[in-house]
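Protein chains in written order, with my numbering: chain A, 195 to 701; chain E, 79 to 153.
The beta carbon of each residue, even a glycine, is placed where N, CA and C say it ideally should be.
Here the structure is a predicted model, which is why all the values come from computation and not from measurement.
Report on the following structure.
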């Protein structure tokens with residue numbers, strides 16, 4: 195009982211910091227649409243959005259470097275000190291992103307500064323997760339490692355949920371216009387308060403008992419990088435962890451939680467408020483299953499649960515996304531023609547007094563309660579020649595039934611995530627010896643999640659956009675090829691190479 | 079299972095080569111030549127990030143598998 199109380203306080207202190215780091219990291223992705231209008235030139239909105247996604251992805255790409263740098267430090271000087279540094283680095287970078295003037299004020303310095311701070315965020319996160327997972331695992335009883343580390347596993351999803359909730363609250367409080375003008379900066383500023391609180395909580399934590407033991411015995415690694423990756427025996431497990439587990443886990447995590455959000459909002463055009471709440475409710479309902487599957491993995495093994503999660507996701511993604519698309523798509527809905535409302539407004543263009551923008555807002559109502567708003571902006575020159583805009587902004591407000599259908603479909607997808615992600619911290623910790631654990635487990639985790647997973651929204655959005663412009667009839671499903679192929683390869687490797695009962699730490 | 083592990087090494091090497099060819103010749107070089115910004119971003123991600131990790135990693139993994147490094151006796 196006393197032991198459990200001790201672990202609980204360790205879990206709370208570790209998880210809170212990790213949760214804040216995930217919040218910091220995902221706030222950027224959750225605000226991608228607004229950020230693309232603030233920090234990038236608006237001559238081509240699609241390119242601006244893709245550039246934002248690429249900047250978002252840059253943070254993921256450097257995660258493995260953070261894993262190497264901080265993982266090495268964690269194995270050399272201890273877990274606790276290292277993840278204190280990563281926490282401060284992350285908090286500072288996030289706060290500063292909220293302070294950068296926009297593109298119209300400082301030009302190309304704006305995206306450059308965003309990119310630099312985003313890279314620092316990625317480095318910090320690369321060091322944080324492995325430290326927190328290792329720290330908790332090294333405090334946990336061997337037979338309950340899956341259960342206790344699964345609390346750390348909830349933090350990524352809860353961090354995403356928290357970022358969406360903070361955005362929702364601020365957007366509702368300020369109103370859409372003020373939020374898009376300056377209010378989007380507040381979620382970045384809030385981070386610094388949370389980081390300070392977390393820093394003081396972590397400050398009082400003690401070093402992991404396993405690390406303290408190997409330190410007192412003098413068996414700490416002198417060169418963790420060399421021992422992790424220069425030693426063939428260990429390196430083959432790093433490769434196995436990557437290709438047999440984290441690669442598939444990464445693409446499933448980012449498809450089910452990030453691409454799903456981009457699919458509903460950007461591909462299908464659902465209004466951002468509904469998109470955010472659909473995601474938030476789906477995430478909230480599924481989050482307890484991280485603990486369920488983490489705990490279950492202590493009893494029946496990590497491999498079975500993780501592989502089943504990957505298989506279910508790979509098989510179910512196309513049917514789920516088809517259902518999501520048809521639920522939202524207005525093409526087969528019956529329009530109430532007499533309620534159709536078209537408003538045309540003319541507004542002058544700055545510094546071009548004879549030219550103007552014609553904004554046509556069309557509101558369409560359907561008999562099932564769905565509403566659709568189409569906004570088209572055409573340029574009208576002084577000689578009345580019209581340059582039509584090909585980008586029509588579509589905003590769909592769903593009826594109640596369709597809204598909850600989408601919540602359910604998100605919930606199912608996050609359930610797959612909980613199966614794969616819940617047990618994976620314990621799985622990775624158990625693969626490597628304590629003296630090089632921080633370094634060895636961090637790299638495959640962050641390549642799987644940072645590179646394979648983090649690049650997924652950019653790659654999938656690109657595949658969808660290209661398929662749509664090529665008039666592919668299944669264009670909206672094209673983004674799924676990436677997670678399906680990567681997930682399938684990972685499933686095959688995992689099934690063949692992972693040991694079903696290998697729950698012992700190799701010391 | 080041991081022989082499946084070993085000979086599947088050939089499969090991983092073949093998959094690595096296939097992905098390498100597809101990523102460079104179909105989803106890589108043509109994207110640099112299209113002149114569109116979105117193609118360029120995708121091409122850079124594909125050629126400089128995904129392809130080296132997938133191809134390099136899978137080739138080494140396949141080689142290790144083929145050499146029997148993942149057999150029970152070597153664990």
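Is there a Cβ of chain E sitting closer than 8 angstroms to that of residue i, yes or no?
| i | result |
| --- | --- |
| residue 671 of chain A | no |
| residue 434 of chain A | yes |
| residue 697 of chain A | Residue placement at residue 697 of chain A is poorly supported in this model, since its pLDDT is 43, which falls under 50; the coordinates are not used for a value here. |
| residue 341 of chain A | no |
| residue 659 of chain A | yes |
| residue 437 of chain A | yes |
| residue 227 of chain A | no |
| residue 245 of chain A | yes |
| residue 248 of chain A | yes |
Could you give the residue range of the beta strand (DSSP E) that holds residue i?
| i | result |
| --- | --- |
| residue 543 of chain A | 535 to 543 |
From the DSSP output, read off the bridge partner residues of residue i.
| i | result |
| --- | --- |
| residue 569 of chain A | A:555, A:587 |
| residue 550 of chain A | A:542, A:574 |
| residue 529 of chain A | A:560 |
| residue 581 of chain A | A:573 |
Thinking C-alpha only, which one of the options is nearest residue i?
| i | options | result |
| --- | --- | --- |
| residue 327 of chain A | A:503, A:314, A:343 | A:343 |
| residue 292 of chain A | A:221, A:268, A:340, A:261 | A:221 |
| residue 465 of chain A | A:395, A:591, A:524 | A:591 |
| residue 589 of chain A | A:274, A:497, A:467 | A:467 |
| residue 227 of chain A | A:469, A:259, A:215, A:350 | A:469 |
| residue 502 of chain A | A:557, A:569, A:615 | A:615 |
| residue 455 of chain A | A:229, A:232, A:476 | A:476 |
| residue 430 of chain A | A:676, A:605, A:635 | A:635 |
| residue 340 of chain A | A:685, A:541, A:484 | A:484 |
| residue 253 of chain A | A:672, A:690, A:644 | A:644 |
| residue 562 of chain A | A:568, A:594, A:532, A:536 | A:594 |
| residue 400 of chain A | A:521, A:646, A:207, A:684 | A:207 |
| residue 538 of chain A | A:234, A:550, A:625 | A:550 |
| residue 396 of chain A | A:583, A:358, A:641, A:210 | A:210 |
| residue 572 of chain A | A:565, A:409, A:585, A:566 | A:585 |
| residue 564 of chain A | A:680, A:523, A:536, A:556 | A:523 |
| residue 509 of chain A | A:692, A:446, A:402 | A:446 |
Hey, could you find the ends of the alpha helix (DSSP H) residue i is sitting in?
| i | result |
| --- | --- |
| residue 121 of chain E | 115 to 122 |
| residue 297 of chain A | 297 to 300 |
| residue 323 of chain A | 303 to 333 |
| residue 96 of chain E | 80 to 99 |
| residue 469 of chain A | 466 to 480 |
| residue 440 of chain A | No alpha helix (DSSP H) holds residue 440 of chain A; DSSP gives it neither H nor E. |
| residue 110 of chain E | 107 to 111 |
| residue 619 of chain A | 618 to 625 |
| residue 347 of chain A | 339 to 368 |
| residue 399 of chain A | Note, residue 399 of chain A: premise wrong, no alpha helix (DSSP H); not H, not E. |
| residue 639 of chain A | 631 to 640 |
| residue 139 of chain E | 135 to 144 |
Under 8 angstroms between C-beta atoms, does residue i make it to chain C?
| i | result |
| --- | --- |
| residue 430 of chain A | The structure shown contains no chain C; the protein chains it does contain are A and E. |
Could one say the Cβ of residue i lies closer than 8 angstroms to chain A's Cβ atoms, at least one of them?
| i | result |
| --- | --- |
| residue 135 of chain E | yes |
| residue 123 of chain E | yes |
| residue 141 of chain E | no |
| residue 147 of chain E | yes |
| residue 151 of chain E | no |
| residue 144 of chain E | no |
| residue 116 of chain E | yes |
Members of the segment 85 to 112 of chain E that neighbour chain A once the beta carbon cut-off is set at 8 angstroms: 86, 90, 93
Residues in the segment 634 to 655 of chain A having any Cβ partner in chain E nearer than 7 angstroms: Among the residues of the segment 634 to 655 of chain A, those with a Cβ less than 7 angstroms away from any Cβ of chain E are 641, 645, 649, 652, 653, in the order of the chain.
Residues of the segment 253 to 279 of chain A with Cβ closer than 7 angstroms to any Cβ of chain E, in chain order: 255
If you measure beta-carbon to beta-carbon, which residues of the segment 678 to 697 of chain A are closer than 7 angstroms to chain E? 683, 690, 691
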